[in-house]
Amino acid sequence: MRKKKKDVFDYIYPYTKKYVKPIADFIRKNRFISIISLILIIYFSLFVTTIIKALFISFLIFLGGISKIYQRYTSMPLGVELVMFSTVLAGYLYGSLIGGLVGFASFLLATIFSNRYNAIYVFVSISIYVFAGALTPFFGSITLAGLIFSVIFVITLSFISLALLLSRPHRVLMFAFTSFLWNFWVFISLAPKVVNYLT
């Protein structure tokens, strides 16, 4: 007797029985979990870009904040931090509102991590960071925006430290030098590479 020639379904059936049937049985027995899972999958698929954006913005805030934690353990007036970088990058990528919010939130977090509280210093710094984040989108270059706001930040904080807080000149000079040198490297070398990678 002549054997029946196998069609495509004869080849698919064993795999369907092995892999698809258990899934179908699970869905039938756990309908509530299956429905919730489906909703979450659809929700994530629709809003995946927004979710990733929110996570990255949160990362920038945390990065700026944690970058000043070393100041808790040293009295040296160093200007090494990533608050300006996070702020300008957020403004450049996501617009004025997000840039301003990142500047505000990241510096507040940095103040908590560094454990250095001074009302005048905090108010002026937050104002500069918020303006930097809000105005960065109007610059065509993240390097130009970063360097300009870094210079404004250094000059303003140095003046306030000398005139209002009566800080020692050599400490102000150390802050100004390290801050400008650090941000010069960040916005000349690091920032353009990050923007190219993300865009």
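Numbering (the working numbering), first residue to last: 11 to 209. Backbone N, C-alpha and C define an ideal beta-carbon position, used for all residues, glycine too.
Item, Value
"Per-residue DSSP class, three states only, for threonine 121", "helix"
"4 or more residues per run - each alpha helix (DSSP H) lying fully within the stretch 109 to 163", "129 to 145"
"Straight-line gap, leucine 172 to tryptophan 192 (C-alpha atoms, nearest Å)", "21 Å"
"Beta-carbon spacing of phenylalanine 291, glycine 75 below 8 Å", "Because the chain spans 11 through 209 in this model, residue 291 falls outside it and cannot be assessed."
"Assigned secondary structure, proline 202 (DSSP; H/G/I helix, E/B strand, else coil)", "helix"
"Top-ranked residue by Cα proximity to leucine 138, from Ile165, Tyr83, Leu175 and Ser151", "The question names leucine, but residue 138 in the sequence shown is isoleucine. The residue with the shortest Cα to Cα distance from isoleucine 138 is Ile165."
"Contact under 8 Å by Cβ, alanine 115 with isoleucine 71", "yes"
"The alpha helix (DSSP H) enclosing isoleucine 61, as first and last residue numbers", "41 to 76"
"The alpha helix (DSSP H) enclosing phenylalanine 197, as first and last residue numbers", "Neither: phenylalanine 197 is in no alpha helix (DSSP H) and is coded neither H nor E."
"Secondary structure of tyrosine 207, DSSP reduced to three states", "helix"
"The stretch 61 to 71 contacting the stretch 98 to 114, beta-carbon criterion three pairs below 8 Å", "yes"
"Residue range of the unbroken alpha helix (DSSP H) whose run includes methionine 94", "93 to 104"
"The stretch 105 to 112 contacting the stretch 192 to 208, beta-carbon criterion three pairs below 8 Å", "no"
"Buried versus exposed call for proline 179 [16 or more other C-beta atoms within 10 Å across all chains shown]", "exposed"
"Assumed close pair phenylalanine 42, valine 196 - CB separation to whole angstroms, cut-off 8 Å", "Not really, about 51 Å apart at Cβ, beyond 8 Å."
"Isoleucine 38, DSSP secondary structure in three states", "The sequence given here places arginine at residue 38; isoleucine does not occur at that position. In the structure shown, arginine 38 sits in a helix (DSSP, three-state: H, G or I)."
"Cβ-Cβ distance between threonine 121 and valine 134 below 8 Å", "no"
"Phenylalanine 190 versus Phe148, Leu208 and Glu91, residue with shortest Cα-Cα distance", "Glu91"
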